[in-house]
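Single-structure report; data block below.
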Amino acid sequence: MAVNNPKFDASEALLGAYSVPDGAKWALDARSLAAANLRRMGAPVKRDEYWKYTNPVGLTQVPAPKAALFEAGETPMFDAIDRLKLVFVDGVFDADQSDDLALSGLEIETLSDALSKDIHWAKDLFGVLETNGQTPVDRPLAALNTAVAQEGFVIKATGKVAKPVAIRYLHASDSSDAMVHHVIKVDAGASLTLLENGPGAARFNSVMEVDVLDGAEFHHIRTQGRDHQRRTATHMFGRLGAQSIFRSFTMTVNGILTRNESVLEFTGDDAKATVGGASAGDGRDFHHDDTVFVTHDSLNCESRQVFKKVLRNGATGVFQGKILVKADAQKTDGYQISQGLLLDDNSNFLAKPELEIYADDVICSHGSTVGAIDEDAIFYLLSRGVPKAQAEDMMILAFLGEAIDEIEDDALSANIHERLAEWMERRRG
Amino acid sequence: MLDIKNLQVGLEEEDKQILKGVDLKIGEGEVHAIMGPNGSGKSTMSYVLAGKSGYKVTGGSATLYGDDLLDMAPEERAAAGLFLAFQYPVEIPGVGNMTFLRTAVNAQRKARGEPELTAGEFLKEVRTKAKSLKIDADMLKRPVNVGFSGGEKKRNEILQMAMLAPKMCILDETDSGLDVDAMKLVAEGVNALRDGKRSFLVITHYQRLLDHIKPDVVHIMADGKIIKSGGPELALEVENNGYADILAEVA
Ligand SMILES: Nc1ncnc2c1ncn2[C@@H]1O[C@H](COP(=O)(O)OP(=O)(O)O)[C@@H](O)[C@H]1O
Ligand SMILES: [Mg+2]
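These protein sequence lines are chains A and B, in that order.
Position one of the first sequence corresponds to residue 1 (this note's numbering), numbered consecutively onward.
Position one of the second sequence corresponds to residue 1 (this note's numbering), numbered consecutively onward.
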C-alpha cells in the first residue's frame with residue numbers, strides 16, 4: 001500500500017487518538033480484529049464511492065471538531081412514556097440520572113462489565129455482526145467504534161419486555177468526542193423496544209449490534225434533534241431470525257453532519273424488517289445521510305425502506321439504499337422509497353437506490369422522487385384562511401408523516417408527530 | 001358587499017388577457033348566478049378574487065365591504081369573509097380532513113381576534129354540520145379529498161363553507177358532475193346558510209341548481225365580460241336555447 005495515502009494516515013491517527021479499554025481476552029481479540037480491519041480499509045475519504053455524497057472529514061478528524069452546546073428549552077423526548085431511562089452524558093453513562101437497571105424480562109449490564117467477563121454470551125455478537133456488515137461494503141467508522149468504544153450497554157431480552165428501554169444522550173461539552181457501542185440480543189419469542197434521543201456529544205459515533213432471534217421482535221425509535229453543530233455517525237447492524245420482526249425509525253432535525261447506516265441481514269425465513277427515517281434540514285450547514293443495506297438470504301422475507309427529507313435554504317439530504325437478494329432468497333418482498341421535498345432551489349437531495357437480485361421469484365420495487373411543495377394544495381389551504389407558513393408546515397408534516405407512520409406503536413408514532421409539529425411551530429416563531 | 005369594477009386580468013406567464021372588464025355588484029343577502037360558455041373566464045374570476053397566483057390584474061378593482069380585496073393575501077381574504085368552493089377541490093395527502101377544518105376555522109378566528117374553538121366545541125359543530133350533508137365519520141378522518149368521489153368532494157366544500165361561515169360565498173360549478181340527490185344536498189346546504197346577510201355568487205351551467213337556490217340576479221359571462229344580466233328567467237332562457245341567441249344579440 002502506498003505511503004502517505006490519506007486514508008491510512010487518517011486511520012492510524014484515529015487509532016492513535018483513543019486507548020483500547022481493558023477487558024477479557026475474547027473482547028480484546030474482537031477489538032484487535034476491528035483495529036486490523038480498520039487498518040486494512042483505511043478511514044473513509046470523500047473519494048470513496050460510498051462517501052461520494054457525504055464528506056466524512058468531520059467524522060474522522062483528530063481531534064474532533066467542536067460543537068457549541070444547544071439549549072433546547074423543551075420537555076425531553078419520550079419523557080411522558082413509562083420507560084426504563086438510561087442517560088449518557090457526552091458518551092459516559094450517568095447512573096445518577098438513570099433508572100435502576102432492573103426490569104423484568106431484561107438482562108442489562110454496561111459494556112465494560114460484560115466485556116470484562118471471561119464467559120459471556122456477548123462474545124458471539126460483539127464485533128461479530130459489525131464485522132459481518134463490513135462485506136461487501138467497508139464501514140470503517142464502525143470498525144473504529146468496535147476497536148475503542150468504552151461505553152454502551154449489553155442487553156438481553158428474554159421475554160416480552162413491557163417497558164421500552166430509553167437511552168438519552170446528552171451533549172454537555174463543546175469538545176466531546178464520544179463513542180458508544182450497544183450489543184442487544186432479543187431471545188426467541190421475546191420482544192424489546194429501544195428508544196434513543198439526543199445529540200450525544202460534539203461528535204458522536206454509535207454502533208448497535210442487534211440479534212433478533214426466531215419469532216422475536218425488535219422496535220427502535222430514535223430522534224436526533226435540534227443540536228445544530230453536532231456531528232454524528234451511527235451504525236445499526238441487525239440480524240434477523242426466522243419469523244422475526246425488526247423495525248427502526250429515526251427522526252432528525254438539524255445537525256452539521258449526520259450519517260445513519262443500517263445494515264440488516266435476513267438469516268431465517270418469513271421475517272419482516274422496516275427501516276425508516278424522516279429528516280428536516282434548514283441551511284447550508286445541514287447535511288444528512290441515510291445509508292441502508294438490506295441482505296435477503298432466506299425465504300419469504302419482507303423488507304421496507306421508507307425515507308423522507310425536507311430541505312430548505314441550501315440543506316443537503318442523501319439516501320443510499322440497497323436491497324441485495326441472494327440466489328436462494330426466493331419469495332422476497334423488497335420495497336424501498338426515498339423522497340426529497342425541496343423548499344427552494346438551493347437545497348439538494350441526492351439518492352442512490354440500488355437493487356441487486358440473484359433469485360428469480362421475488363417482488364422488489366424501489367423509487368426515488370424529488371419535488372417541490374404542491375402549490376395548488378398550498379393555495380387551497382390559504383384560501384381557507386391558513387397563513388402561508390402554517391400551510392407549508394402542514395404540507396411538510398404530511399410529507400414526513402408518511403415515514404413516521406411506519407412506526408407501529410400508535411402512542412410512539414403520535415409522540416413523534418407531535419414533537420415534529422412543535423419543532424415546526426417553533427421555527428415559525 | 002362585493003363590488004367588482006372593470007376588472008381586467010391576464011396571465012402572469014404569457015401574454016393572454018382573460019377578463020376584459022368585469023363589472024359586478026352583489027349586495028348583502030343577495031344571490032347572484034353567473035352562467036356562460038366554457039372558457040369565458042368564470043373560474044379565473046373566482047380564483048382572482050380568492051387570490052390565486054399566476055394571474056396579473058391589469059386594471060379595475062374588487063372590494064369586499066369597501067376593503068381592497070386585490071391588495072390582501074389569500075388568507076386575509078378568507079378571514080375577511082370570502083369563501084370559494086372550488087370547481088376542482090384539491091387533494092391533500094397526509095392532512096386529515098378534520099385537522100384541516102379545525103386549523104382553518106381557528107386560523108380565521110385568530111386573524112379576526114376571536115377566541116379559538118376548543119377541540120370539543122369544534123367536534124360538536126362539525127358533527128352536526130357533517131351529518132346534514134351526509135358526510136360520515138370516515139370522510140372526516142380521511143386525508144383532505146383523497147379518494148373522495150366527485151360528489152363527496154363537493155359536499156366537503158359545502159361543509160367547509162358551513163364551518164367557516166363566510167360573508168361572501170362563491171361556488172364554482174359546485175353542481176357539475178352531481179346526480180340529482182347530491183345536488184339537492186348541496187343546495188340544501190347552501191340554503192341553510194342563507195340568513196339575509198350572507199351573499200352568494202353561484203357559477204353554474206344548469207338551471208336545475210337555480211331551481212333550488214333561487215338567484216336574485218343572473219349574469220351571462222362570455223369572453224371575459226358580463227354581457228347580459230337579468231332575473232331568474234335569464235337562466236331559463238339559457239337552459240332552453242343555449243348561449244347562441246344571447247351571444248348573437250350582443251354581438
Ligand atoms: N393558468 C392558466 N394558464 C393558461 N390558460 C388559462 C389559465 N387559467 C385560465 N386560462 C384560460 O383562460 C380562459 C378562461 O378559463 P376559465 O376561467 O377556466 O373559464 P371558465 O371557468 O369560464 O370555463 C380559458 O381560455 C383558459 O384556457
Ligand atoms: Mg370554470
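Built from N, CA and C at the ideal position, the CB exists for glycine as well.
Quantities reported herein were computed from a predicted structural model and do not represent experimental measurements.
When the Cα atoms are used, A:MET77 and A:ASP227 turn out to be separated by approximately 13 Å. If you draw a 10 Å sphere on the C-beta of B:GLY36, you find 16 or more other C-beta atoms in it, and that means buried. Secondary structure in the stretch 103-150 of chain A: the alpha helix (DSSP H) runs of 4 residues or longer, each lying completely within the stretch, are 111-116, 128-132, 140-148 in chain order.
Rounded to the nearest whole angstrom, the CA to CA distance from A:TRP423 to B:GLU157 is 31 Å. Measuring C-alpha to C-alpha distances from B:LYS25 to each of B:TYR55, B:TYR65, B:LYS52, B:GLY51 identifies B:TYR65 as the nearest. For B:ALA80, the secondary structure class from DSSP, reduced to helix, strand or coil, is coil. In terms of Cβ geometry, A:ARG222 and A:GLU408 do not form a close pair [threshold 8 Å]. Per DSSP, the continuous beta strand (DSSP E) segment holding A:ASN348 begins and ends at 348-357. Nearest Cα to A:ALA68 within the set A:ALA13, A:ALA172, A:ALA114, A:SER383: A:ALA172. Contact between A:ASP289 and A:THR332 is absent: CB atoms are separated by about 26 Å, not below the 8 Å threshold. The beta carbon of B:THR103 falls within 8 Å of a beta carbon belonging to chain A, placing the residue at that interface.
Exclusion of the five residues before and after B:ALA187 leaves LEU209, HIS212, ILE213 as the residues of its chain whose Cβ lies within less than 7 Å of its Cβ. Here B:LEU24 carries a strand assignment [DSSP, helix/strand/coil]. Taking the beta carbon of B:GLN160 as reference, the chain A residues within 8 Å of it are ARG384, listed in sequence order.
The beta carbon of A:VAL180 sits closer than 7 Å to those of PHE88, GLY91, ALA149, GLU151, GLY152, SER206, all from its chain and outside the five residues before and after it, given in chain order. Neighbourhood of B:LYS5 in chain A, by CB distance below 8 Å: empty, with the nearest CB roughly 23 Å away. Judged by DSSP in its simplified three-state form, A:ILE256 adopts coil rather than helix or strand.
Remark: fewer than three beta-carbon pairs, one from each stretch, lie closer than 8 Å, so the stretch 109-123 of chain A and the stretch 157-166 of chain A are not flagged as touching. For A:LEU101, same chain residues with a beta-carbon under 6 Å away, outside a window of 5 residues either side, are ILE108 in chain order. If you draw a straight line from the Cα of B:GLU239 to the Cα of B:HIS219, it is about 13 Å long. The C-beta of A:GLN390 comes closer than 8 Å to at least one C-beta of chain B. Taking 8 Å as the cut-off, the Cβ atoms of A:ALA398 and A:ARG428 do not count as close.
Taken from the Cβ of B:ILE18, at least one heavy atom of ligand 1 lies inside 7 Å. Proximity to A:ARG304 across A:THR295, A:ASP374, A:LEU311 peaks at A:THR295, based on C-alpha coordinates.
When the beta-carbon positions are compared, A:ALA43 and A:ALA64 stay at least 8 Å from each other. At least one beta carbon of chain A lies nearer than 8 Å to the beta carbon of B:VAL90.
In this structure, the C-beta of B:GLY177 stays at least 7 Å away from each heavy atom of ligand 1. Neighbours of A:PHE379 in chain B, taken as residues at a C-beta separation under 9 Å, are given in chain order as TYR47, ALA50, GLY51, LYS52, SER53, PRO74, VAL90.
Judged by beta-carbon spacing, B:GLN207 lies within the 8 Å limit of B:LEU236, meaning their Cβ atoms are closer than that value. Taking a beta-carbon distance threshold of 8 Å, B:PRO115 does not count as an interface residue toward chain A.
A:LYS309 is bridged by DSSP to A:SER279, A:GLY340.
For B:GLN87, the distance from the CB to the nearest heavy atom of ligand 2 is below 7 Å. When DSSP reads this structure, A:ASN197 sits in a beta bridge with A:ARG168, A:THR223. Contact annotation: B:MET45 and B:SER199 have beta-carbon atoms that are not nearer than 8 Å. Within the stretch 158-211 of chain B, complete alpha helix (DSSP H) segments of at least 4 residues are found at 180-192, given in chain order.
Residues of chain B with a Cβ closer than 9 Å to the Cβ of A:PHE399 are, in chain order, PRO93, GLY94.
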